[in-house]
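Residue numbering for the sequence shown follows my numbering, beginning at 1 and increasing consecutively. Glycine included, C-beta positions come from ideal geometry on N, C-alpha and C. Bear in mind that the values here come from a model prediction, so they are computed numbers and not experimental data.
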Amino acid sequence: MKGKSVVNRILSYVEKNLENNLTLEEIARELHYSKFYVERVFKEHTGQPLYRYMKNRRLNEAAKKLVETKRPIVEIALEAGYRSQQAFTQAFHEVYGLSPQKYRKFGKIVSIQERIDLSAIWAYEIARLRHMDGRMAA
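This is the structure we're talking about:
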């Protein structure tokens, strides 16, 4: 149960600071844990590394801005934590399969990483364990 509480604290911190250029070291320092513990417990409870979650959350928010605003792509790229539009375009294409410009023209938001809700993950795990327990008992 402690791990779940730690992951909730990590998620809360990341969401509050999503537009900042967070590092694993900074998150660990702010939450008073080692960076190794933060990374391990996050992956253990969410199934993905923290860096990927943050990258995908930033790209997800950038994708929304591309569709919902007419702001320049370079401005959105800088807000998403990229140092250049080229780096942003490469990362965006890697995840969405389209350039930011083509995505904007597409005009529909496709979410790749919404905020993680641990209660849903835990409910799934509990149901899965109960199902496995029933199969093993038979």
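| query | result |
| --- | --- |
| Identity of the residue in K70, F36 and K55 nearest L22 by Cα | K55 |
| Which of helix, strand or coil DSSP assigns to P100 | helix |
| Cβ neighbour criterion (16 or more within 10 Å) applied to H45 | buried |
| Where E19 sits in the DSSP three-state scheme | coil |
| Residues of its chain near G81, where Cβ-Cβ distance is below 7 Å and the 5 sequence neighbours each way are ignored | N21 and R58 |
| Cβ separation of V38 and A28, assumed to be a contact under 8 Å, to the nearest whole Å | 5 Å |
| Alpha helix (DSSP H) segment containing K65, residue limits | L50 to E68 |
| Buried/exposed call for I109, threshold 16 Cβ in 10 Å | exposed |
| First through last residue of the alpha helix (DSSP H) which encompasses R29 | L24 to L31 |
| Helix, strand or coil at Y13 according to DSSP, with G and I counted as helix | helix |
| Coil, strand or helix - Y124 by DSSP | Residue confidence for Y124 is low, a pLDDT of 48 falling below 50, so the modelled location carries little weight; the figure read from the coordinates is stated next. Y124: helix per DSSP, three-state reduction. |
| K43, enclosing alpha helix (DSSP H) - first and last residue | K35 to T46 |
| CA-to-CA distance, L50 to Q140, given in whole angstroms | Any answer about residue 140 is impossible in this case: the structure gives the chain only from 1 up to 138. |
| Closest Cα partner of K2 within the set R104, A63, L24 and F42 | F42 |
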